[in-house]
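Trainee: Structure in structure tokens, see below.
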Amino acid sequence: MATSTLQVSAEIEALLQHECQTITKDQIHQPGADFIDRCFLQSSRSPQVLRSLGQLYNTGRLAGTGYMSILPVDQGIEHTAGASFGPNPMYFDPENIIKLAVEGGCNAVATTFGTFGTVARKYAHKIPFLVKINHNELLTYPNKFDQIMFGSVEQAWNLGATAVGATIYFGSEESNRQIVEVAEAFERAHELGMATVLWCYTRNNAFKTDKDYHVAADLTGQANHLGVTIGADIIKQKLPENNGGFSAIKFGKTHKAMYDTLASDNPIDLARYQVANCYMGRIGLINSGGESKGATDREEAVRTAIINKRAGGQGLISGRKAFQRPFAEGVDLLNAIQDVYLDEEITIA
């Protein structure tokens, strides 16, 4: 790996040397410049949707590689604006969110109806808009965790959106309603020619016992599989940190191969299992960049990118690590992520 991207630690070196012996790379549909032709031309997606996917895959520094880097900023609703933008108040102004994505060389910017509605005419032709159509708002007291629609698919289309995004809390009490709502919204988005991106999160208090199994490979993998089933063109998922959620919680259907042969404890193998559940990579997997922790953000972001790329994923969607710091540093962090995907020495494991 190029030393300009990151000073190589022992852990990074081990990740760079790892070879998957679980689900091997020849079994998955790997990212590449011809990914849309290989994996979407024979699908039910219309020419208009293919055009939108082409815009996503062919914008920014990663254009033409089959990889993508997306800036997501919906935390003003999901977490409160003060908590999200307090570290860097310039992002209370929606235009600066779009500017960061453009200057950072991103494939797209994912944010709210309100942000896009404020600056749509100025930027819709400069960078693909990924409109997040549902949110979990935390002003209701006591707090509840439920993704609700904040606008219509038609409204996103009128804003000039290339794609719509939504979250489903799989495993929650409200998940059945969310599945129906999002499936209908994605069907309508495809009718209008937009691409679809699904945040496939697991959410249930019972999923956190001795470990936080919200990030277990088996649970998140199944969430991915449900997501691709309802028409997502791209899956967004948290990086897996452990496995065996079904066994620990004692529910669901399992097979010993899920743990013995299809995955190992290696982070790349765990992420490979997520890719496998996205129809063996026919639907691209992008992983979350995670929360901002300060001085270690750049190294952690690059580590996540390495794991995702070597697993056969298609990129990162990283927000807080980029916008909760000075503008130039945010651009640098986004570029560092992109450099991993541009580095030909970092291959699929």
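Position in the sequence shown (first residue = 1) + 1 = the numbering used here.
C-beta atoms are modelled at their ideal positions from N, C-alpha and C, and glycine is treated no differently.
#1: When you compare the CB of G253 with every CB in chain C, is at least one pair closer than 8 Å?
#2: Consult DSSP for K133 and reduce its assignment to one of helix, strand or coil.
#3: Beta-carbon separation of Q76 and G320 under 8 Å?
#4: Suppose the cutoff is 6 Å on Cβ atoms and the five residues either side in sequence are ignored; what does the same chain contact list for C201 look like?
#5: If we call anything under 8 Å between Cβ atoms a contact, is T66 one with P95?
#6: Which whole-angstrom value is the C-beta distance of N244 and L286, which I expect to be below 8 Å?
#7: Given a cut-off of 8 Å, decide if N288 and H19 are closer than it, judged by their beta-carbon atoms.
#8: In this structure, what does DSSP give as the bridge partners for I71?
#9: How big is the Cα-Cα spacing for Q179 and L263?
#10: Whole angstroms is fine: what's the gap from D234's alpha carbon to S44's?
#11: So is A196 buried or exposed if we call it buried at 16+ other beta carbons inside 10 Å?
#12: Measuring straight from C-alpha to C-alpha, what distance separates I231 and F187?
#13: List the endpoints of the continuous alpha helix (DSSP H) containing S248.
#14: What runs of the alpha helix (DSSP H), each 4 residues or longer, lie entirely inside the segment 161–242?
#15: Name the two residues that bound the continuous alpha helix (DSSP H) containing L335.
#16: CB P129 to CB A109, shorter than 8 Å?
#17: Three or more C-beta pairs closer than 8 Å, one from the segment 290–300 and one from the segment 321–338: is that the case here?
#18: Let me know the secondary structure DSSP gives I37 once reduced to three states.
#19: Taking a contact to mean a Cβ-Cβ separation below 8 Å, would you say I269 touches L16 in this structure?
Mentor: With the given structure in hand:
#1: Going by chain labels, chain C is absent from the structure shown, which holds only one protein chain.
#2: strand
#3: yes
#4: Here C201 has A224, N225, G228, I236, Q238 as same chain residues with Cβ atoms under 6 Å from its own Cβ, once five neighbours each way along the sequence are excluded.
#5: no
#6: About 17 Å separates the two Cβ atoms, so there is no contact after all.
#7: Their beta carbons are not under 8 Å apart, which means H19 does not touch N288 by this criterion.
#8: A109, I318
#9: 30 Å
#10: 11 Å
#11: Counting Cβ neighbours within 10 Å, A196 comes out buried, since at least 16 surround it.
#12: 8 Å
#13: 246–250
#14: 176–192, 218–230
#15: Unbroken alpha helix (DSSP H) run through L335: 328–343.
#16: In contact: P129 and A109 (Cβ atoms closer than 8 Å).
#17: yes
#18: Note: I37 maps to helix in three-state DSSP.
#19: yes
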